[in-house]
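Position 15 (the sequence shown) corresponds to 15 in full-length UniProt numbering; numbering is contiguous.
C-beta atoms are modelled at their ideal positions from N, C-alpha and C, and glycine is treated no differently.
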Amino acid sequence: MLSRIFAPISRTLFSTSTQSTGAAKDLVETALNDNKVVVFSKSYCPYCHATKSLFNDNFSNVPVKIYELDLIDEGSAIQSYLAEKTGQRTVPNVFINKQHVGGNSDAQAAFKNGKLAQLLNA
Numbered sequence: 001m002l003s004r005i006f007a008p009i010s011r012t013l014f015s016t017s018t019q020s021t022g023a024a025k026d027l028v029e030t031a032l033n034d035n036k037v038v039v040f041s042k043s044y045c046p047y048c049h050a051t052k053s054l055f056n057d058n059f060s061n062v063p064v065k066i067y068e069l070d071l072i073d074e075g076s077a078i079q080s081y082l083a084e085k086t087g088q089r090t091v092p093n094v095f096i097n098k099q100h101v102g103g104n105s106d107a108q109a110a111f112k113n114g115k116l117a118q119l120l121n122a
């Protein structure tokens with residue numbers, strides 16, 4: 001009897017989750033296709049702030065598309081999709097020319113060794 005009661009609920013939750021995942025995938029892939037630099041961030045994260053400052057201070061002529069996942073309705077689904085896509089569960093999650101750069105420490109290291117500039121100029 002309980003299975004009859006809960007079956008419609010679990011189907012609905014699964015269906016909604018699948019729709020969220022599809023919408024998240026579409027948003028991420030569209031963002032990567034339409035923008036040279038994409039940063040998936042959270043507004044309160046100090047590592048995200050450091051990454052955004054890195055681009056703002058050193059590459060102010062390069063447009064950076066930033067998604068604050070804590071301020072977007074689909075933020076959790078986007079972060080889950082990014083984890084599936086990249087293996088990285090944390091933010092910031094940085095992409096340049098559709099290529100996954102990594103997080104803040106990866107972006108900072110790429111800046112220091114010149115790879116970030118190479119990617120941006122490609």
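The C-beta distance from V91 to S53 rounds to 15 Å, too long to meet the 8 Å contact threshold. Rounded to whole angstroms, the separation of the alpha carbons of L71 and V39 is 14 Å.
Counting only unbroken stretches of 3 or more residues, the beta strand (DSSP E) elements lying wholly within the UniProt domain "Glutaredoxin" (37-101) are 37-41, 64-68 and 93-96, in sequence order. A77 is positioned such that its CB atom lies no closer than 8 Å to that of A110. Counting only the Cα atoms, D57 lies some 13 Å from L116. Counting the other CB atoms within 10 Å of its CB gives A107 a total of 16 or more, which places it among the buried residues. In this structure, N97 lies away from A50, with their beta-carbon atoms at least 8 Å apart. About 4 Å separates the beta carbon of N35 from that of K65, a gap short enough to meet the 8 Å contact definition.
Sixteen is the threshold: since fewer than 16 other Cβ atoms of the shown chains lie within 10 Å of the Cβ of N121, the residue is exposed.
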